[in-house]
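Encoded as structure tokens, the structure appears first; notes follow it.
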Amino acid sequence: MAATSYASEAYSACQLMFNECSSLTSITVHITSWNDDYWSMNDWVDGVAAAGTFYCPSVLDTTIFDNSHVPSNWTVVNI
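Last residue of the sequence shown? That's 73 in my numbering, and every number before it is there in order.
Spelled out as structure tokens, the structure:
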């Protein structure tokens, strides 16, 4: 994904994107905000591997570990 943020029109674009992708251990994003107002990333990493690496810009808030942000127990690496 080359987008740096999500518009309201993309409301459900990423919802459940990687749902139950239990072999997924690496994700790279280039977004700079989660845009939680529109739930555009709701449960997007639900069911991914229990551990992995999340690559993202340093400006992205990576303090939230859950199914709608950074996967729980994953390592964050700034790019």
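We treat Cβ as the ideally placed atom computed from N, Cα and C, and that holds for glycine.
Exposed unless 16 or more other CB atoms sit within 10 angstroms - verdict on residue i
{"i": "TYR0", "result": "The predicted position of TYR0 is uncertain, since its pLDDT is 49 and thus under 50; a value taken from the coordinates is nonetheless stated next. Label assigned to TYR0: buried."}
{"i": "SER52", "result": "exposed"}
{"i": "ILE21", "result": "buried"}
{"i": "SER66", "result": "exposed"}
Limits of the beta strand (DSSP E) - the one that residue i falls within
{"i": "VAL70", "result": "69 to 72"}
{"i": "PHE48", "result": "47 to 50"}
{"i": "ILE21", "result": "20 to 22"}
CA nearest to the CA of residue i, picked from the options
{"i": "THR42", "options": "SER16, VAL70 and LEU54", "result": "At residue 42 the sequence reads Val, which differs from the Thr that was named. If we check each option's Cα against that of VAL42, SER16 comes out closest."}
{"i": "TRP68", "options": "THR57, ASP60, ALA45 and ASN61", "result": "ALA45"}
Distance between beta carbons of residue j and residue i, contact taken as under 8 Å
{"i": "VAL64", "j": "TYR49", "result": "That belief does not hold up - the Cβ atoms of VAL64 and TYR49 are roughly 11 Å apart, past 8 Å."}
{"i": "GLN9", "j": "TRP38", "result": "6 Å"}
{"i": "THR26", "j": "LEU54", "result": "6 Å"}
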